[in-house]
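Data block below; observations after.
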Amino acid sequence: MTDESAKTSAIAQKSEYDLVVIGSGPAGVQAAVQAAKLKKSVCVIEKTPNSLGGAWIHTGTLPSKTIRESLETIHSIKHHAGPGWVERVIDAVGTTKLYQRAEKVSREEESLVRRYLKKNNIEVCSGFASFEDPNTVNVKPTESAPYTIKSKFFVIATGSRPRRPSNIPFDGWRVVDSNEILRLESVPRHMLIYGAGVIGCEYACIFAALGVETILVDSRDRLLAMSDTEVVKALEKSMTDMGVKIKFKQELAGIAPNGAKLDVKLTDETLQTDVLFFAAGRISNSENLGLDKIGIKVNERGVISVNDVFQTSLPHIYAAGDVIGPPALAATSAQQGRFCALHAFATIKSEFPQHFPIGVYTIPELSSVGPTEDQLQEQKVDYVVGRAYYHELARGYIKGDNHGILKLLIERKTHRILGIHIMGEDAANLVHIGLAFMLKGGCANDLINMIFNYPTLAEAYRIAAFNALNKIYPDGRIMPAPIMSNAS
524 MTDESAKTSA IAQKSEYDLV VIGSGPAGVQ AAVQAAKLKK SVCVIEKTPN SLGGAWIHTG
584 TLPSKTIRES LETIHSIKHH AGPGWVERVI DAVGTTKLYQ RAEKVSREEE SLVRRYLKKN
644 NIEVCSGFAS FEDPNTVNVK PTESAPYTIK SKFFVIATGS RPRRPSNIPF DGWRVVDSNE
704 ILRLESVPRH MLIYGAGVIG CEYACIFAAL GVETILVDSR DRLLAMSDTE VVKALEKSMT
764 DMGVKIKFKQ ELAGIAPNGA KLDVKLTDET LQTDVLFFAA GRISNSENLG LDKIGIKVNE
824 RGVISVNDVF QTSLPHIYAA GDVIGPPALA ATSAQQGRFC ALHAFATIKS EFPQHFPIGV
884 YTIPELSSVG PTEDQLQEQK VDYVVGRAYY HELARGYIKG DNHGILKLLI ERKTHRILGI
944 HIMGEDAANL VHIGLAFMLK GGCANDLINM IFNYPTLAEA YRIAAFNALN KIYPDGRIMP
1004 APIMSNAS
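So the working numbering is basically just the index in the sequence shown, starting at one, shifted up by 523.
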């Protein structure tokens, strides 16, 4: 008997739990751990138990961000030692070491997850799960007989996978998706990425930083449709300066082999490339779960519909993470999973956070929280904009960042911070400073009265706040905020 089948047999002896979680991504793990902290019996069903964490740990978030971090660190010496040193270091490190570093980080994170589960007495059950009835799932291990498990509550946290249209000839080496992109045996000289969303933009920066001739193509007229237009324009300029060629309003019309290369037909032209990376959309992993058998419906992309507390049409069955669609971030998924467990066992009555940051790990980063200018204009909100450019910050020009920007959207009447949009180094960290103020009802006046370390990138908040308030009080006599700084 293999280790897997032995483990499965042992788990099968217990046939009922307080909570069964399907999937071991961030939503599933956090739901399981929170329920276990509440002294509930918990089982996590995972179809690939030798790779706990799914895309979060093994094919998506962690490996791509690890490689990106390595390359950003290497490129940061350009402004201090010259571009020649960047090329030398990349050549010396090599892509093999970069990939090995990513694999090491993924293994360490998976090991940490396993320790958390073990420490909290959470069973990990190997196999494919599908609902037999609203309180029973059938588990099909790969090496032993199926069995059933009953539970009072369930959390579906099966994640998502890359969208693979039938007309795209995926082959794993010339035409790839985001699960395959880091399995390439060698780095191509030329890459065409179709899809200028988060994944497409992040990998465009990664491969451009590796010296790959990279073209980013999208059917829309801009990058990152959900982000603030001005900040996205700054990112576009930065990516262009890195060497990424960007083509908008181009549909993917055809793909044809041409020797060792591919001819990719777009709306206006045909381009030749070594690798086509299709990065346009994802599909929720909700099929084969038996949801139709128990009356839970999904849309055309497999997204499970939930209410504001993540319950499906059956109140004791929750769903969280990528399987319920946007925002589909590791951070929000983890919090959703934890919230499901808290709600299910009625320990804490609270609302899911209305404000949460979005991080895009391009080079440099982009991060935001709150509405964009376009959204505020649609809502007819009276606001002012405060801007601070990295090239105006001592720490910014020390680093040589000529593109970075921190942008505050301030309500004119109350001085409240409505939105924060940052493009530049450390954006995904910096955004949390403003988020803390937003969550406590803070305003721009709080920022101008706060002393920041010098030189830091964080002092951009003070500069941006002054920039906004000077537009409200052009004579320089800035008045106290009409609301209390600690208003909720």
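Beta carbons are placed, not taken as given, at the ideal position from N, Cα and C, and that holds for glycine. The model shown is predicted, which means the values in this text are computed figures rather than measured ones.
Just verifying my parser: in three-state terms, what is the DSSP assignment at residue i?
i            : result
residue 786  : strand
residue 539  : strand
residue 938  : coil
residue 1009 : Residue confidence for residue 1009 is low, a pLDDT of 48 falling below 50, so the modelled location carries little weight; the figure read from the coordinates is stated next. Reduced to three states, the DSSP call for residue 1009 is coil.
residue 557  : helix
residue 911  : strand
residue 993  : helix
residue 750  : coil
residue 685  : strand
residue 805  : strand
residue 670  : strand
residue 660  : strand
residue 1033 : Nothing can be reported for residue 1033, as the shown portion of the chain is limited to 524 through 1011.
residue 574  : helix
residue 770  : strand
residue 528  : The predicted position of residue 528 is uncertain, since its pLDDT is 42 and thus under 50; no value can be drawn from it.
residue 890  : strand
residue 758  : helix
residue 549  : helix
residue 999  : coil
residue 839  : coil
Since residue i contacts residue j with CB under 8 Å, what's their CB separation in whole angstroms?
i           : j           : result
residue 940 : residue 965 : 6 Å
residue 691 : residue 778 : 7 Å
residue 602 : residue 923 : 3 Å
residue 751 : residue 896 : 6 Å
residue 825 : residue 809 : 4 Å
residue 953 : residue 970 : About 13 Å; that fails the 8 Å criterion.
residue 967 : residue 931 : 7 Å
So, using beta-carbon positions, are residue i and residue j closer together than 9 Å?
i            : j           : result
residue 547  : residue 583 : no
residue 864  : residue 985 : no
residue 578  : residue 723 : no
residue 755  : residue 747 : yes
residue 658  : residue 685 : no
residue 728  : residue 591 : yes
residue 680  : residue 851 : no
residue 1056 : residue 624 : Residue 1056 is absent from the model: the chain starts at 524 and stops at 1011.
residue 853  : residue 879 : no
residue 790  : residue 772 : yes
residue 587  : residue 725 : yes
Where does the unbroken alpha helix (DSSP H) through residue i begin, and where does it stop?
i           : result
residue 855 : 853 to 867
residue 722 : 721 to 732
residue 630 : 606 to 642
residue 877 : Taken as a continuous stretch (DSSP letters only), residue 877 belongs to no alpha helix (DSSP H), as it is neither H nor E.
residue 594 : 584 to 598
residue 968 : 967 to 971
residue 645 : From DSSP, residue 645 is part of no alpha helix (DSSP H); its letter is neither H nor E.
residue 919 : 917 to 922
Any heavy atom of the ligand NAD closer than 8 Å to the Cβ of residue i?
i           : result
residue 634 : Looking for the ligand NAD in the displayed structure turns up nothing, as the structure carries no ligands at all.
Go to residue i, then tell me how far its beta strand (DSSP E) extends in each direction, as first and last residue.
i           : result
residue 900 : Premise fails: residue 900 lies in the alpha helix (DSSP H), 896 to 901, not in any beta strand (DSSP E).
residue 954 : Here residue 954 belongs to no beta strand (DSSP E); instead the alpha helix (DSSP H) covers 950 to 962.
residue 656 : 651 to 656
residue 796 : 793 to 796
State whether the region 549 to 563 contacts the region 849 to 869, with contact taken as three or more CB pairs (one from each stretch) at a distance under 8 Å.
-> At 8 Å Cβ cutoff, the stretches touch.
Pairing CB atoms from the region 790 to 807 with CB atoms from the region 643 to 650, are three or more of them under 8 Å?
-> By the Cβ rule, the region 790 to 807 does not count as touching the region 643 to 650, because fewer than three pairs are nearer than 8 Å.
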